[in-house]
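Residue numbers (the working numbering): -11 to 296.
Note that beta-carbon positions come from the ideal geometry of N, C-alpha and C, so glycine has one too.
Keep in mind the model is a prediction, meaning the values are calculated, not measured.
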Amino acid sequence: MSSAARSDYFDVIHRNHEYSAISVTYVIRMNLPQSVQLVASDPSYPIFEINHPTCVARVALHGAHVMSWRPVEEEEVLYLSPVAVLKEGKAIRGGVPVCWPWFNAHPADPDMPSHGIARTRFWNFVAASESDEGVVFNFEMTEGIWSAALILKLGEALEVILETRNPNEIPVVVSGALHPYFAVSDIEHVRIVNLDGEEYLDTVGKPTRRVQKSVLTFKGEVDSIYDSSNSLLLVDDLSGRTLLIEKSGSPSTVVWNPWVEKSAALEDLPDDGYRKFCCIEAAIANDKAVIVMPGTVCALSIKISIEE
Ligand code: TA6
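Structure below.
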């Protein structure tokens, strides 16, 4: 597309709040509410910008991925790597990746991608709407036997709801995670409250079952799968901010920070990136995988808000 044609194209986008992008792989057309705009930098990689009286956020069609979100009077809640790669087939490092329809490695096929297919594909845009409470997005994805709907509610709280649907005549087994990267002042000055007494699988080194003995703090790499559906608090002692993290349909809570070596090994994360985030995930992991019977739905959700 020539630069003149390109700029006409984006004029049309802004005038009508409508967008058409044609690439080899997908065609989309959308009507957007007033508080949602498409970022006009790359028509083959649509990003929605939300400026609503309740919140400011960005959502990528790729992965149906919340890249950033903050209530209007607040600092950014999510961490997004400054070297994240925005490219079809590559998961965005930061924000809220949607890991589906399996968590970590595929249970049977080592050649399948880690954390499923949802974070490395464009989703189908279904609708976006606004009200006094905020903006709601609906996305869908179907691939083979896998079918899902994703609902994003962006307002003073952020809610991500993932529904696995089973339109097939056979049961489908699903696991996964809503995998937010939370921005922190400094990883060594944060605490995760409400995991005390919970059993977990510590996957750093040889996987080992343990029991959480106290409030969780970070002094090295953490990659733990808790058998816990508790709500949690993430307390940032430097900024004084506390986040409330509520989950539903999630028998597992995963906590991850890559620390020094793994941070340096990840090309889409700065070497000292680990200091600026921790992941607390609403998950269905390992032996907690759910059998979704034909004609039924399995919902997994996370709600993030700032404690007063
Ligand atoms: O959910 C925790 C985890 O599976 C960790 O083991 C760690 O590898 C992280 O997710 C990030 O995975 P990724 O594939 O995005 O590099």
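Proximal residues to residue i (C-beta, below 6 Å), its chain only, five neighbours per side dropped
i: Leu146; result: Trp57 and Ile292
i: Val285; result: Glu151 and Arg153
i: Thr241; result: Tyr214 and Ser216
i: Trp247; result: Gly208, Glu209 and Tyr262
i: Glu255; result: none
i: Val15; result: Legend: pLDDT at Val15 = 39, less than 50; position of this residue unreliable, no value from coordinates given.
i: Asp297; result: The displayed coordinates of the chain run from -11 to 296. Any statement about residue 297 would go beyond what the structure contains.
i: Val161; result: Ala277 and Ile279
i: Ala137; result: Glu128 and Glu151
i: Phe206; result: Ile175 and Asn245
i: His94; result: Met100
i: Ser227; result: Ser173
i: Pro195; result: Leu189
i: His40; result: Ser23, Gly122 and Val123
i: Pro159; result: Ile279 and Met281
Counterpart residues of residue i in DSSP-defined beta bridges
i: Gln200; result: Paired residue(s): none; Gln200 is not in a bridge.
i: Trp247; result: Answer is none; Trp247 lacks a bridge partner.
i: Pro155; result: Its beta-bridge partners do not exist; DSSP assigns none.
i: Thr241; result: Tyr214 and Ala270
i: Ser32; result: Partner(s): none; Ser32 has no beta bridge.
i: Ile224; result: Here the sequence assigns Asp to residue 224, which means Ile is not the residue at that position. For Asp224, which the question treats as bridged, DSSP gives the partners Val178.
i: Ser289; result: Ile149 and Ser236
i: Gly164; result: Ile272
i: Ser56; result: Arg46
i: Thr230; result: Val223
i: Glu37; result: Gln25 and Arg46
Presumed contact (8 Å Cβ cut-off) between residue i and residue j, rounded CB distance
i: Val54; j: Leu140; result: 6 Å
i: Ser289; j: Ile149; result: 4 Å
i: Asp191; j: Ser212; result: Position check: residue 191 holds Thr in this sequence, whereas Asp was assumed. Right, their Cβ atoms sit about 7 Å apart.
i: Ser219; j: Lys235; result: 7 Å
i: Gly77; j: Trp88; result: The Cβ separation is near 16 Å, so there is no contact.
i: Ser202; j: Asp184; result: 6 Å
i: Cys43; j: Glu144; result: 7 Å
i: Ala116; j: Val24; result: 5 Å
i: Ala271; j: Ala165; result: 4 Å
i: Leu204; j: Ala45; result: With a Cβ gap of about 27 Å, Leu204 and Ala45 do not count as contacting.
i: Val86; j: Leu257; result: Rounded, the Cβ-Cβ distance is 19 Å, inconsistent with contact.
i: Asn182; j: Leu221; result: 6 Å
Burial state of residue i, where buried means 16 or more other Cβ atoms lie within 10 Å
i: Arg81; result: buried
i: Met129; result: buried
i: Arg198; result: exposed
i: Pro34; result: buried
i: Glu269; result: buried
i: Ser238; result: buried
i: Glu176; result: exposed
i: Ala48; result: buried
i: Glu295; result: exposed
i: Val0; result: Residue placement at Val0 is flagged as unreliable, the pLDDT there being 34, under the threshold of 50; the coordinate-derived value follows with that caveat. Answer is exposed; the Cβ neighbour count stays below 16.
i: Ala96; result: exposed
i: Ala253; result: exposed
i: Ser11; result: Only weak support exists for where Ser11 lies, its pLDDT of 40 falling under 50; the coordinates are left without a value.
i: Trp29; result: It is worth fixing the name first, because residue 29 is Ser in this sequence and not Trp. When all chains shown are included, Ser29 counts as exposed.
i: Gln200; result: buried
i: Val243; result: buried
i: Gly193; result: exposed
i: Gly283; result: exposed
Other residues of its chain near residue i: CB distance less than 7 Å, five sequence neighbours each side excluded
i: Tyr169; result: Leu66, Tyr67, Gly82, Gly83, Phe265 and Cys267
i: Asp99; result: none
i: Glu62; result: Ile294
i: Ser102; result: Asn92 and Ala93
i: Val114; result: Asn126, Phe127 and Glu128
message = Could you tell me which whole beta strand (DSSP E) segments of length 3 or greater appear in the segment 62 to 150?
response = Taking only runs of at least 3 residues, the beta strand (DSSP E) segments lying wholly in the segment 62 to 150 are 112 to 119, 122 to 131 and 134 to 143.
ask   = What are the start and end residues of each continuous beta strand (DSSP E) run of 3 or more residues lying completely inside the segment 169 to 193, in chain order?
value = 169 to 171, 178 to 181 and 187 to 190
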